[in-house]
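Q: To convert a position in the sequence shown, counted from 1, into the numbering used here, add 1130. Here a beta-carbon is modelled for each residue, glycine too, at the ideal position from N, C-alpha and C. Given the structure is predicted, the values throughout are model-derived calculations rather than measurements. The structure follows.
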Amino acid sequence: MQFLESIGVALKSLIANKLRSILTLIGVIIGVMTVIAVVSIIAGMNKYVADQISSLGSTTFFVDAGWRTIMSEEDYLKVLKRKEFTLQDMEAVKKGCPLCWKVGAEMVAYRKVKYREKYLSDVEIDGSTANITEISDINLSSGRYPSEFENLHNRRVALIGWEVADNLFPGQDPLEKDIKIGNYYFRVVGVAEKRGTFLGISQDNFVMIPITTFNKLFGTKRFLAIFVKVESFGSMQEAQDQVRLVLRARRHVPYDKPDDFAIMTSDTFMELYRNFTSTAFIVMIGVSSIALVVGGIVIMNIMLVSVTERTREIGIRKAVGAKKKNILWQFLVEAVTVALVGGLIGVILGSIIAKIVAATTPLPAAIEAWSVITGLIIATSVGLFFGIFPAVKAAKLDPIACLRYE
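Here's what the structure looks like:
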């Protein structure tokens, strides 16, 4: 009965003193809301990224100078000093890796792409070997892929992404029409199927051209990645080891030094992603912890004010037989109730944020049951910890002094 009465007193106090209640609850609300929202968004991102990365395939990997592994300025400066790969490196991998079923290469630049009066800025131009579509599993919407013959003879043909086709040729068939990439004209021979976005970045804003044509028109001193496909997943590790040996020898890497390049698989991407999200998660937990501590201190101060305001009430209760533990219990329950109300509001607001993210982005932000339980446990713990001092102070008050208090 006393437990329910204490909860009732706490709730009545919150309703009666609205401004004070808002100030009391805001820290706990922000802390719990952050936990719920961040956990939900990261859980959704984990599922989304895992699905996207799995599309790379379990039998495909690629090698570059390490641009996709950069996580800091130090990493960037290290990669910047490395020598870029060349088509000769790709040929060496073909010869030196018996387990490599298909080996291709791709170079990247960004250019303005135009058709008549319509244009797109900063379109990704991929200079690719003819077999890159077999390695990367790029599907056609219409037309065909650039051929090996066109690669060998520097032909100006292009496979365009769905977004490029949609923007430059609305309601038209792009096939056999000429687009302008930078200062050069290319004949459209194919349109790729729509692939959507990855972490908000369009996967359809590209134009693929023969790598030989790319080298001739845009230069050879550009980022080049070597793509490899093996016949079975069981050959993946051994194929990577063969590629590593070939490239270390070509780049004259001493036996006691690490690779000056990066071999990337779907697992590598997932590991890099987890490293990034774990850092973001720690930062967000730090922010929410500060909010919870501030909220806890505010609860403690408000409870101390409550003890002062209810000094005569405490004296009367003690005079009619209430023990120290009864007073202690009453104020602890009130502190926990206040914190739990803040926690519940935080859970609701965090869930709303997660639903907004899920509705407005590709991320399937999912509210995890354990995060809700954790949020409420944290709120309870904050109320309990910061409510101890006011509760102990109330329990130790002298009943005679309390009755004299005005």
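Straight-line CA distance for residue 1162 to residue 1231?
A: The residue labelled residue 1162 in the question sits at position 32 within the sequence shown. The residue labelled residue 1231 in the question sits at position 101 within the sequence shown. Computed Cα separation, rounded: 52 angstroms.
Q: Of the choices 1489, 1370, 1520, 1509, whose alpha-carbon is the least far from that of residue 1622?
A: Any property of residue 1622 remains undetermined from this structure, which presents the chain solely from 1131 to 1536.
Q: Beta carbon of residue 1321, beta carbon of residue 1273: below 8 angstroms?
A: Here the question's residue 1321 lines up with position 191 in the sequence shown. Here the question's residue 1273 lines up with position 143 in the sequence shown. Yes, these two residues count as a Cβ contact at 8 angstroms.
Q: Can you tell me the Cα-Cα spacing of residue 1383 and residue 1204, whole angstroms?
A: Stepping through the sequence shown from its first residue, residue 1383 is reached at position 253. Stepping through the sequence shown from its first residue, residue 1204 is reached at position 74. Spanning the two alpha carbons is a distance of roughly 20 angstroms.
Q: Pull up the distance between the alpha-carbon of residue 1314 and that of residue 1264, whole angstroms please.
A: Start at 1 with the first residue of the sequence shown, and residue 1314 comes out as number 184. Start at 1 with the first residue of the sequence shown, and residue 1264 comes out as number 134. Going from the Cα of residue 1314 to the Cα of residue 1264 covers about 27 angstroms.
Q: Using DSSP with H/G/I as helix, E/B as strand and the rest coil, what is residue 1529?
A: In the sequence shown, counting from the first residue as 1, residue 1529 sits at position 399. Reduced to three states, the DSSP call for residue 1529 is helix.
Q: So, does the segment 1364–1374 touch the segment 1244–1257, judging by three or more C-beta pairs under 8 angstroms?
A: In short, these stretches do not touch, since the Cβ pair count stays below three.
Q: With a threshold of 8 angstroms, are at least 3 pairs of Cβ atoms found where one atom belongs to the segment 1152–1171 and the other to the segment 1417–1432?
A: Cβ pair count under 8 angstroms is three or more, so yes.
Q: Alpha carbon to alpha carbon, how far is residue 1370 from residue 1379?
A: Along the sequence shown, one-based indexing puts residue 1370 at 240. Along the sequence shown, one-based indexing puts residue 1379 at 249. About 14 angstroms.
Q: Taking the alpha helix (DSSP H) that residue 1481 belongs to, which residues open and close that run?
A: Here the question's residue 1481 lines up with position 351 in the sequence shown. Note, residue 1481: alpha helix (DSSP H), 1454–1490.
Q: Quick one: what's residue 1317 bridged to in DSSP?
A: Numbered from its first residue, the sequence shown carries residue 1317 at position 187. 1287, 1308, per the DSSP bridge assignment.
Q: I'd like the ranges of any alpha helix (DSSP H) spanning at least 4 consecutive residues and lying wholly in the segment 1226–1274.
A: As far as the segment 1226–1274 is concerned, its whole alpha helix (DSSP H) runs of at least 4 residues are 1262–1266.
Q: Might you give, ordered along the chain, the residues of its own chain that have their beta carbon closer than 7 angstroms to the beta carbon of residue 1252, omitting 5 neighbours on each side?
A: The residue you call residue 1252 lines up with position 122 of the sequence shown. Hits under 7 angstroms: 1240.
Q: Keeping to the same chain, check which residues put their C-beta closer than 8 angstroms to that of residue 1510; ignore five residues upstream and five downstream.
A: By 1-based counting over the sequence shown, the position of residue 1510 is 380. For residue 1510, where only same-chain residues beyond five positions count, the Cβ hits under 8 angstroms are 1466, 1469, 1470, 1473.
Q: For the beta strand (DSSP E) that contains residue 1339, what are its first and last residues?
A: Counting from one through the sequence shown, the residue named residue 1339 turns up at place 209. Where residue 1339 is concerned, the enclosing beta strand (DSSP E) stretches over 1336–1340.
Q: Return the bridge partner residues of residue 1358 from the DSSP annotation.
A: The residue labelled residue 1358 in the question sits at position 228 within the sequence shown. Bridge partners of residue 1358: 1191, 1233.
Q: Hey, could you find the ends of the beta strand (DSSP E) residue 1392 is sitting in?
A: The residue labelled residue 1392 in the question sits at position 262 within the sequence shown. Looking at the DSSP string, the run of the beta strand (DSSP E) that includes residue 1392 is 1392–1394.
Q: What are the residues that DSSP puts in a beta bridge with residue 1332?
A: On the sequence shown, position 202 is the one that residue 1332 refers to. Answer by DSSP bridge pairing, in chain order: 1327.
Q: Is residue 1337 near the ligand ADP, judged by its Cβ being under 7 angstroms from some heavy atom?
A: Among the components of this structure there are no ligands whatsoever, and the ligand ADP is therefore not found.
Q: In its own chain, which residues sit with a C-beta less than 8 angstroms from the C-beta of residue 1448, not counting the 5 before and 5 after it?
A: If you number the sequence shown from 1, residue 1448 lands on position 318. Excluding sequence neighbours, residue 1448 sits near 1457, 1527, 1529, 1532.
Q: Who are residue 1322's beta bridge partners in DSSP?
A: Walking along the sequence shown from the start, residue 1322 turns up at place 192. 1270.
Q: Here's a check: name, in chain order, each residue in its chain whose Cβ is nearer than 8 angstroms to the Cβ of residue 1227, leaving out the five neighbours to either side.
A: Stepping through the sequence shown from its first residue, residue 1227 is reached at position 97. Closer than 8 angstroms at Cβ, skipping near neighbours: 1233, 1358, 1369, 1372, 1373, 1376.
Q: Cα separation between residue 1396 and residue 1361?
A: The sequence position of residue 1396 within the sequence shown is 266, counting from 1. The sequence position of residue 1361 within the sequence shown is 231, counting from 1. Cα to Cα, residue 1396 sits roughly 16 angstroms from residue 1361.
Q: Can you tell me where the alpha helix (DSSP H) holding residue 1216 begins and where it ends?
A: Position 86 of the sequence shown, counted from the first residue, corresponds to residue 1216. Where residue 1216 is concerned, there is no enclosing alpha helix (DSSP H), given that its DSSP letter is neither H nor E.
Q: Could you check what DSSP says for residue 1388 in three-state terms: helix, strand or coil?
A: In the sequence shown, counting from the first residue as 1, residue 1388 sits at position 258. Three-state result, residue 1388: coil.
Q: When burial is assigned at 16 or more other CB atoms within 10 Å of the CB, is residue 1343 buried or exposed?
A: Along the sequence shown, one-based indexing puts residue 1343 at 213. That one is buried.
Q: Beta-carbon separation of residue 1269 and residue 1323 under 8 angstroms?
A: If you number the sequence shown from 1, residue 1269 lands on position 139. If you number the sequence shown from 1, residue 1323 lands on position 193. Yes, the Cβ-Cβ distance between residue 1269 and residue 1323 is below 8 angstroms.
Q: Please state if the CB of residue 1171 and the CB of residue 1487 are separated by a distance shorter than 8 angstroms.
A: On the sequence shown, residue 1487 is found 357 positions in, with the first residue counted as 1. On the sequence shown, residue 1171 is found 41 positions in, with the first residue counted as 1. Cβ atoms of residue 1487 and residue 1171: closer than 8 angstroms.
Q: Closer than 6 angstroms by C-beta to residue 1173: which residues in its own chain qualify, once you throw out the five before and the five after it? Chain order, please.
A: As a position in the sequence shown, residue 1173 is number 43, starting the count at 1. Cβ neighbours of residue 1173 beyond the five flanking positions: 1496, 1498.
Q: For residue 1207, which of 1217, 1196, 1407, 1215 has the nearest alpha-carbon?
A: Counting from 1 along the sequence shown, the entry for residue 1207 is found at position 77. For the residues 1217, 1196, 1407, 1215, the minimum Cα distance to residue 1207 belongs to 1196.
Q: Taking all protein chains shown into account, do 16 or more other C-beta atoms lie within 10 angstroms of the C-beta of residue 1219, making it buried, or fewer, making it exposed?
A: Start at 1 with the first residue of the sequence shown, and residue 1219 comes out as number 89. When all chains shown are included, residue 1219 counts as buried.
Q: Can you check which of these residues, 1463, 1391, 1482, 1484, is closest to residue 1513 by C-alpha distance?
A: The residue you call residue 1513 lines up with position 383 of the sequence shown. Selected option, being the one with the closest Cα: 1463.
Q: The alpha helix (DSSP H) with residue 1496 in it runs from where to where?
A: Numbered from 1 along the sequence shown, position 366 holds the residue referred to as residue 1496. Neither: residue 1496 is in no alpha helix (DSSP H) and is coded neither H nor E.
Q: Let me know if residue 1335 comes out buried or exposed under the rule of 16 or more other beta-carbons within 10 Å of its beta-carbon.
A: As a first step, residue 1335 is located in the sequence shown; it is residue number 205 there, counting from the start. So residue 1335 counts as buried.
Q: Between the alpha carbons of residue 1131 and residue 1453, how many angstroms are there, rounded?
A: The count along the sequence shown starts at 1 and reaches residue 1131 at position 1. The count along the sequence shown starts at 1 and reaches residue 1453 at position 323. Because the pLDDT at residue 1131 is just 45, under 50, the model does not fix this residue reliably, and the point stays unresolved.
Q: Skipping 5 residues on each side, what residues in its chain have a beta carbon closer than 7 angstroms to that of residue 1154?
A: In the sequence shown, counting from the first residue as 1, residue 1154 sits at position 24. Excluding residues within five positions, the ones whose Cβ falls inside 7 angstroms are 1428, 1429, 1432, 1468.
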